[in-house]
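Shown next, in structure tokens, is the structure this report addresses.
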Amino acid sequence: QVQLQESGPGLVKPAETLSLTCTVSGASISHYYWTWIRQPAGKGLEWIGRLYTSGETNSNPSLKSRVTMSLDTSKNQFSLRLRSVTAADTAVYYCARDGMSGLDYWGQGTLVTVSS
Amino acid sequence: QSVLTQPPSVSGAPRQRVTISCSGSSSNIGKNAVNWYQQLPGKAPKLLIKYDDLLPSGVSDRFSGSKSGTSASLAISGLQSEDEADYYCAAWDASLDGWVFGGGTKLTVL
Numbered sequence: 045q046v047q048l049q050e051s052g053p054g055l056v057k058p059a060e061t062l063s064l065t066c067t068v069s070g071a072s073i074s075h076y077y078w079t080w081i082r083q084p085a086g087k088g089l090e091w092i093g094r095l096y097t098s099g100e101t102n103s104n105p106s107l108k109s110r111v112t113m114s115l116d117t118s119k120n121q122f123s124l125r126l127r128s129v130t131a132a133d134t135a136v137y138y139c140a141r142d143g144m145s146g147l148d149y150w151g152q153g154t155l156v157t158v159s160s
Numbered sequence: 066q067s068v069l070t071q072p073p074s075v076s077g078a079p080r081q082r083v084t085i086s087c088s089g090s091s092s093n094i095g096k097n098a099v100n101w102y103q104q105l106p107g108k109a110p111k112l113l114i115k116y117d118d119l120l121p122s123g124v125s126d127r128f129s130g131s132k133s134g135t136s137a138s139l140a141i142s143g144l145q146s147e148d149e150a151d152y153y154c155a156a157w158d159a160s161l162d163g164w165v166f167g168g169g170t171k172l173t174v175l
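Just so you know, the sequences run in chain order A and G.
The first sequence begins at 45 in the working numbering and counts up one residue at a time.
The second sequence begins at 66 in the working numbering and counts up one residue at a time.
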């Protein structure tokens, strides 16, 4: 059974960098695309970006200048860094597997609050 | 402002059938497959429909999907209280080169 688990600080100060890691079990991250999604409280889903083992990445144009994503195949993990955060970046952040037919496995989500 | 357009809410009585619409454009729904996700309160989204109308393993056949042109629909028959959730449509957008979502539709079972 494929499982994903997000981890990282729940509180980030404005203008600093949000860093999250997603640990994957039950599947190798050497296959498939791996994706980050976020959801502000009471609002809809926003795709942040995805990455593949080859290093290929796609990012939401609205966030692209602030987003870095990376893979650590030795730990079966992938990571997100979002720079220069503001209160508008406060959201539940999800990691998910992009099985090409859809986002078929999701983490439980982690709340990140941007506040001083 | 979401790229895909869904009604904010729908409702229906137990055992009834409801549909949720999703409208897009030629760069997303008109070109690529539509997926639907169900998000129960306080939970992560779950893939409900893939490739426009296919049910992933374990999903009840009370759910069905369809697509025509740049619009798609999700139908839920035999409504049950446990179907109360938010439903999102999604498609790959060729212009944005990324996944786009609808704003979500809240289903209330009366």
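Glycine included, C-beta positions come from ideal geometry on N, C-alpha and C.
These numbers were taken from a predicted model, which means no experiment stands behind them.
Chain-ordered neighbours of residue i on chain A, where CB pairs are closer than 7 Å
i	result
G:Ala109	Tyr138, Trp150, Gly151, Gln152, Gly153
G:Leu112	Gly146, Leu147, Asp148
Distance between residue j and residue i (C-alpha atoms, nearest Å)
i	j	result
G:Ile94	G:Trp157	8 Å
G:Pro72	G:Leu161	23 Å
A:Lys86	A:Ser118	A quick correction: the sequence has Gly, not Lys, at residue 86 of chain A. Rounded to whole angstroms, A:Gly86 to A:Ser118 spans 36 Å at the Cα level.
A:Leu147	A:Gln47	13 Å
A:Trp150	G:Gln81	30 Å
A:Met113	G:Ser76	40 Å
G:Trp164	G:Ala78	33 Å
A:Ser106	A:Ser123	19 Å
G:Trp101	A:Trp91	14 Å
Proximity of residue i and residue j at Cβ, strictly below 8 Å
i	j	result
A:Ala135	A:Pro58	no
G:Cys87	G:Leu112	no
G:Ile141	G:Asp148	yes
A:Tyr77	A:Leu95	yes
G:Ser138	G:Ser131	yes
G:Leu144	G:Val99	no
A:Thr67	A:Gln121	yes
G:Ala159	G:Lys96	yes
G:Ser92	G:Gly168	no
A:Val111	A:Ser103	yes
G:Asp118	G:Ser129	yes
Among the options, the one whose alpha carbon lies nearest that of residue i
i	options	result
A:Ser128	A:Gln45, A:Ala71, A:Glu90, A:Glu60	A:Glu60
A:Cys139	A:Ser145, A:Thr154, A:Leu126	A:Thr154
A:Asp133	A:Ser145, A:Gly151, A:Thr157	A:Thr157
G:Gln84	G:Trp164, G:Ser91, G:Ala159, G:Tyr153	At residue 84 of chain G the sequence reads Thr, which differs from the Gln that was named. G:Thr84 has its Cα closest to that of G:Tyr153, out of G:Trp164, G:Ser91, G:Ala159, G:Tyr153.
A:Ile81	A:Glu50, A:Asp116, A:Val56	A:Glu50
A:Ala71	A:Gln45, A:Gly54, A:Val56, A:Gly52	A:Gln45
Chain A contact residues for residue i, given Cβ-Cβ distances below 9 Å
i	result
G:Tyr152	What G:Tyr152 touches in chain A: nothing, since even the nearest Cβ is about 11 Å away.
G:Pro121	Ser145, Gly146, Asp148
G:Phe166	Ile81, Gly88, Leu89, Glu90, Trp91
G:Gly169	Lys87, Gly88, Leu89
Cβ separation of residue i and residue j, assumed to be a contact under 8 Å, to the nearest whole Å
i	j	result
G:Phe166	A:Gly93	Contact flag wrong, Cβ pair sits at about 14 Å.
A:Ser63	A:Arg125	5 Å
G:Thr135	G:Ser74	Wrong, their Cβ atoms sit about 22 Å apart, outside the cutoff.
Chain-ordered chain G contacts of residue i [CB-CB under 9 Å]
i	result
A:Asn120	Within 9 Å Cβ-Cβ: nothing; A:Asn120 doesn't reach chain G, min ~19 Å.
A:Pro84	The premise fails here: A:Pro84 is roughly 12 Å from chain G at the closest Cβ pair, so nothing lies under 9 Å.
Chain D within 8 Å of residue i, Cβ atoms only
i	result
G:Asp117	In the structure shown, chain D does not exist; the protein chains are A and G.
Within chain G, partners of residue i - CB distance below 7 Å
i	result
A:Pro58	Ordered by position in chain G, no residue passes the 7 Å Cβ test against A:Pro58, which lies about 24 Å from the chain.
Neighbouring residues, chain A, relative to residue i (Cβ below 8 Å)
i	result
G:Ser67	Gly88
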